[in-house]
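Visitor: Protein chains in written order, with numbering that gives the first Met the number 0: chain A, 0 to 276; chain B, 0 to 615; chain C, 0 to 105.
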Amino acid sequence: MDIPYTVQPRPDTGLYNAKVGIWLFLASEVMLFGALFSSYILLRVGAPDGYWPHGWLNVPVGTANTLVLITSSITTVMAWASLKMNQFGRFKFYHACTILFALTFVGIKSYEYHDKFTHYSIKLADGRLADGHLDEKSKDFDLAKKQGKIVIHGHVVNLAAANENLKEELKTIYDPHSAEGKKAKHSKLEFNASEIASMETYGPWHNTYTAIYFTLTGLHALHVIGGAIVISFLWSFGAKMWKTDPERFTNRIEISGLFWHFVDLVWIFLFPVLYLL
Amino acid sequence: MATAIPHTGVHEVHHHETDFWRTYVFSTDHKIIGIQYAVTALFFLFFGFLLMVMMRWQIAHPGQPVPLVGFLLERVLHNAQGASLAPKGIINGDLYNSFGAMHGTIMVFMAIVPLAFAAFGNYVVPLQIGAPDMAFPRVNMASYQAYVLGGLIMFISFFIPDGAAQAGWTSYSPLATSIATNGQTFWLVGMIFLITSSLLGAVNFIATIIQLRAPGMTWMRLPFFVWAQFVTAFLLLLAFPPLEAAGVMQLMDKVAHTSFFLPTGLAVGGQLANVSGGGSPLLWQHLFWFLGHPEVYVLILPAMGIVGEIIANNTRKPLWGYKSLVYSVLTIGFLSFIVWAHHMYLTGMGNRVATFFQTTTMIISIPSVIILTCMFLSLWGGSIRFNTPMLFVMAFLPMFGIGGLTGLPLGFNFSDLHLHDTYYIIAHFHYIVAPGTIFALFAGIYFWFPKITGRMMSEFWGKVHFWSSLIFMNLIFQPMFAQGMAGMLRRMVDGGANYSQAQVPGGLGGLSPHMLDLHRFILYAAILLGLAQIPFIINLFWSINHGVKVNSDNPWQSTTLEWQTPTPPPHGNFAQVPEVHRGPYEYSVPGHSTDFTPQNESEQRIPNPITKPLPA
Amino acid sequence: MSDDHSPEQFSHHVKRYLFVFYALLFGTLITVGASYIPFGHRAINIGVALLIACGKAFLVAGYFMHLVSERKMIYGIMLFTAFFFIGLMFLTIWSVADFPRLPTQH
Chain A
0 MDIPYTVQPR PDTGLYNAKV GIWLFLASEV MLFGALFSSY ILLRVGAPDG
50 YWPHGWLNVP VGTANTLVLI TSSITTVMAW ASLKMNQFGR FKFYHACTIL
100 FALTFVGIKS YEYHDKFTHY SIKLADGRLA DGHLDEKSKD FDLAKKQGKI
150 VIHGHVVNLA AANENLKEEL KTIYDPHSAE GKKAKHSKLE FNASEIASME
200 TYGPWHNTYT AIYFTLTGLH ALHVIGGAIV ISFLWSFGAK MWKTDPERFT
250 NRIEISGLFW HFVDLVWIFL FPVLYLL
Chain B
0 MATAIPHTGV HEVHHHETDF WRTYVFSTDH KIIGIQYAVT ALFFLFFGFL
50 LMVMMRWQIA HPGQPVPLVG FLLERVLHNA QGASLAPKGI INGDLYNSFG
100 AMHGTIMVFM AIVPLAFAAF GNYVVPLQIG APDMAFPRVN MASYQAYVLG
150 GLIMFISFFI PDGAAQAGWT SYSPLATSIA TNGQTFWLVG MIFLITSSLL
200 GAVNFIATII QLRAPGMTWM RLPFFVWAQF VTAFLLLLAF PPLEAAGVMQ
250 LMDKVAHTSF FLPTGLAVGG QLANVSGGGS PLLWQHLFWF LGHPEVYVLI
300 LPAMGIVGEI IANNTRKPLW GYKSLVYSVL TIGFLSFIVW AHHMYLTGMG
350 NRVATFFQTT TMIISIPSVI ILTCMFLSLW GGSIRFNTPM LFVMAFLPMF
400 GIGGLTGLPL GFNFSDLHLH DTYYIIAHFH YIVAPGTIFA LFAGIYFWFP
450 KITGRMMSEF WGKVHFWSSL IFMNLIFQPM FAQGMAGMLR RMVDGGANYS
500 QAQVPGGLGG LSPHMLDLHR FILYAAILLG LAQIPFIINL FWSINHGVKV
550 NSDNPWQSTT LEWQTPTPPP HGNFAQVPEV HRGPYEYSVP GHSTDFTPQN
600 ESEQRIPNPI TKPLPA
Chain C
0 MSDDHSPEQF SHHVKRYLFV FYALLFGTLI TVGASYIPFG HRAINIGVAL
50 LIACGKAFLV AGYFMHLVSE RKMIYGIMLF TAFFFIGLMF LTIWSVADFP
100 RLPTQH
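1) Counting only C-beta atoms, is C:M72 closer than 8 Å to chain B at any point?
2) Could you compute how far the alpha carbon of B:V225 sits from the alpha carbon of B:I208?
3) If you compare alpha carbons, which of A:M240, A:L31, A:G153 and A:H118 is closest to B:S248?
4) What's the gap between the Cα of B:T559 and the Cα of B:I310?
5) Quick one: what does DSSP say B:N473 is sitting in, helix, strand or coil?
6) In terms of alpha-carbon separation, which member of A:V272, A:T12, A:Y208 and A:G226 lies closest to A:P47?
7) Can you check which of these residues, B:K316, B:T372 and B:L334, is closest to C:F79 by C-alpha distance?
8) Kindly indicate the opening and closing residues of the beta strand (DSSP E) around A:F189.
9) So is C:C53 buried or exposed if we call it buried at 16+ other beta carbons inside 10 Å?
10) Under the three-state reduction of DSSP, which class applies to B:M484: helix, strand or coil?
11) Going by C-alpha distance, which of A:K122, A:H132, A:L128 and A:L99 is nearest A:H113?
12) So, B:G402 versus B:I424, is the Cβ gap smaller than 8 Å?
13) Tell me which same chain residues have a C-beta within less than 6 Å of the C-beta of A:S137, skipping the five on either side of it?
14) Have a look at B:L530, B:T346, B:S601 and B:T452 and flag the residue whose alpha-carbon is nearest the alpha-carbon of B:R541.
15) Determine, for A:M77, whether the minimum Cβ-Cβ distance to residues of chain C falls below 8 Å.
16) My output table needs one value for A:V155: the three-state DSSP class, helix, strand or coil.
17) Does the CB of B:M248 have a neighbour CB from chain A at under 8 Å?
18) Taking 6 Å as the limit between beta carbons, can you name the residues of its chain near B:E602, skipping five residues before and five after?
19) With a cut-off of 8 Å, does the C-beta of C:S158 fall near any C-beta of chain B?
20) DSSP state of A:F232, grouped into three classes?
21) Among A:H154, A:D1, A:P52 and A:T249, whose alpha-carbon lies nearest the alpha-carbon of A:W79?
22) Which class does A:Q146 belong to by DSSP, given the choice of helix, strand or coil?
23) Please tell me whether B:G291 has its Cβ less than 8 Å away from any Cβ of chain C.
24) Going along chain D in order, which residues have a C-beta closer than 7 Å to the C-beta of B:S258?
25) Apart from the five residues just before and just after B:Y95, which ones in its own chain have a Cβ nearer than 7 Å to its Cβ?
26) Between the Cα of A:K280 and the Cα atoms of A:I121, A:H152, A:L165 and A:N191, which residue gives the shortest distance?
27) Rounded to whole angstroms, what is the Cα-Cα separation between B:N544 and B:M456?
28) A:W241 CB to nearest chain C CB: under 8 Å?
29) So what does DSSP say about A:E199, is it helix, strand or coil?
30) DSSP on B:E602, reduced to helix/strand/coil?
31) As a quick exercise: from A:Y201, A:M84 and A:L14, pick the residue whose alpha carbon is nearest that of C:S68.
32) So, is the C-beta of B:E243 closer than 8 Å to a C-beta in chain A?
33) Can you name the start and end residues of the alpha helix (DSSP H) that A:D134 belongs to?
34) Buried or exposed for C:V19, going by 16 or more other Cβ atoms inside 10 Å?
35) Do you know how far the Cα of B:F135 is from the Cα of A:P59?
36) For B:R489, which residues does DSSP report across the bridge?
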């Protein structure tokens, strides 16, 4: 049984099947990420004044990641172009670069996630809020049993402060790079478990900003990983097809490339929205 | 990404020697996959029906143990502490809610859509466009497997401690994630699998229809069923992803303790919830209904397609207004994306937004009416054959008419204020889906059965099935309009007894005993409807091996391509690629020797009776 | 898109890809830079950042994904998708922003 137009394009549409398929799939992905972006806007607009964070993400690191992904995009298209120019060796080189850049991206992302999961927000029993990165936790640290100590590097905020000061205090947490935010003095702080009412890390549960940040970047990262797996497969086992059916193989590279560019496209919007604005 | 079966000659040989597993379980053939979808969907349809009968019994007899199955419910369903969810065989409030939530979920996502879109679509569409299979057969298999996995997860959720999801098929936050059981988690994971299945299927259908039409099969020569499936696939493709996003967010609310949909100050069980807050319950509703509205068109469009095919075939004349039908179905598809908030009139939206959605809702009723009118007009002057498929399809027309017309007061927010979340809504949408879509699906089964098996189903029992189903479906849902207008709300395990005149003597708007009595009437009608399906089920299975054998590949004398193949169609469908020379409904062409001209029949010189006299 | 160009003509395309790449790098740097410019209203920063992002997106979609030379069918699908995406975003936000207020509120 022969399914037509798997490699040769259909004359009236000018497309081969897989190209129609991938664009349809990308259309659905636009709606998926579009819904998440819409949610971001809604949650941000709905947040009370002063409670939507700015500057919680490291801009140089994010910029580096952006450049990594853009470079992986050009290597992807160059990989495809090399095959169109019958240069299999070059294709292998460029796609190996793509895979490496993908892994770099995920690596940098993991570093950023780790930073968030070691950033603590500690509600003290006396009502103040301590906020900082983990220095060390004593081995016997147990909040429920109220034993042990925790050391963080950060500052303490008094959210019960009077109104004029509250805005400034809030900014030390929600806008740490602003003029008022920078006024917070960071130092080594040690607390006994008995002094702590509750604590949590800056994970998705912390507030709606971290929730949408982790969901958006997490879903994006899953797409990066998925794309990297497909490209790796095509680079290794799948490359045999270049010998038996070069045109079909080239099409496969084009299709995986289209997916990869889409992943880059999403990041082009994610980066300014989450990191800069 | 996935591409088709390799087209080198070597693989041709392998296809003949596949074992049972490859042929019937892990098949990539669209016909087998279509049947797999149908069998699985019919199982879920049956299961969803059982849930409903148990619910209706409990509503009609509040506080009393359910007969026959009560002891089973008591034994099998437990909460986390080990106590029964149905103590003494009585369905209590929580269990009723989970039955209700799952009845809706199962019927919509696991029964109707897989049957109407995936089963019929998979079997018939490639045949009707003259293709050897779907564009991506392996993706097709994957989409069926995702459906089974999702369905299994949903099914299993009944039997975990504390049972299945309880917050309605609409799963509104914050209730959905505040209920401290795992049923909701299973529901969300199941939905993600089901949505993935639909998305893969949608990509396949659209690519197939665009790319694999046979030579001569232009867009305006496509059978209306194919157009309907094409638009349905687009609805699934573009409307499901926001629900998938919302599902992921709600799952994170449940397991990662985020607050996407949980507002600040949320209290659960009288205590402030330990969440960050800052979320929006309205956001869930918008994302859900963004799918939810196109979803209802997904439920009806394939049915309209089936109706069109069967009407043309059994009136022996072309469908009236083919172009209008095509443009209407495209318009419905487009408009369905911008009407969704008519499900949310009671959320406190402002006048401008409400007006916008009311306007688009009113406009979308126009193409729906056009389609129904074209179908009605197609009957005029027809040489009608009243076989079982035709009976179901002719009943579809007024039944869908009732369902659609009763939707009009719901489209205006001033009248919806009174009717929202009442039994009126239940009656409205069930009229469209039950004596609407399901009738069309029954018709489709009776109609395409001989192509799949080479035998006809029994006409006599088909007519028994038809008349009994028609009568009982009406008896079930007609009274619900009255109940809804009297103010009876949905999703109440006691059937509204708490709001009865007996409970609140002298109170304004209390439900009368008559309204509550109707529950028993509806229950009897539901049981009788269930019994009426028995001859259908027996007929279906018995006829596979004992039905009257057809004496041709085209027993209904149809013009469309699926009837121009051997019975059943072999792997690859057509021995040679068909060439299409005419439109899909060339019935009763003047001067032709038969009253139907198949689409791929070669062009002959037909003597024109006006310029050339017919032979004496 | 499989047989449109011969291997020799492709080097012309490669130049174009490299040009787009440099444009994207530049775009990234000015996005970051512009975010630090105090325009007064944060809304202006948002507007500028999104504008540059749209420009970069156009380059990736148009040239890397070959949309500028792609068939009508694909264009059509993506145009409808874009319309529905904008509809979802705009109508959702409008619905939440437009709610009945007392005459004294704005």
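For every residue, glycine included, the Cβ atom is placed at its ideal position computed from N, Cα and C.
Please read these numbers as outputs of a predicted model, since none were measured by experiment.
Guide: So, from the data block:
1) yes
2) 8 Å
3) Note that residue 248 of chain B corresponds to Met in the displayed sequence, not to Ser. Among A:M240, A:L31, A:G153 and A:H118, the Cα nearest to that of B:M248 is on A:L31.
4) 13 Å
5) helix
6) A:Y208
7) B:L334
8) A small fix is needed here, since residue 189 of chain A is Glu in this sequence, not Phe. S186 to N191 is the extent of the beta strand (DSSP E) around A:E189.
9) exposed
10) helix
11) A:H132
12) no
13) G147 and K148
14) The identity of residue 541 of chain B in the sequence shown is Trp, whereas the question assumes Arg. Among B:L530, B:T346, B:S601 and B:T452, the Cα nearest to that of B:W541 belongs to B:T452.
15) yes
16) strand
17) yes
18) H580
19) The structure shown does not extend to residue 158 of chain C, since chain C spans only 0 to 105, so no value can be given for it.
20) helix
21) A:T249
22) strand
23) no
24) Protein chains A, B and C are contained in the structure displayed, whereas chain D is not.
25) M54, Q57 and V492
26) This structure cannot speak to residue 280 of chain A, because chain A is shown only from 0 to 276.
27) 10 Å
28) no
29) strand
30) coil
31) A:L14
32) yes
33) Premise fails: A:D134 lies in the beta strand (DSSP E), L128 to K136, not in any alpha helix (DSSP H).
34) buried
35) 43 Å
36) B:R489 is not bridged to any residue.
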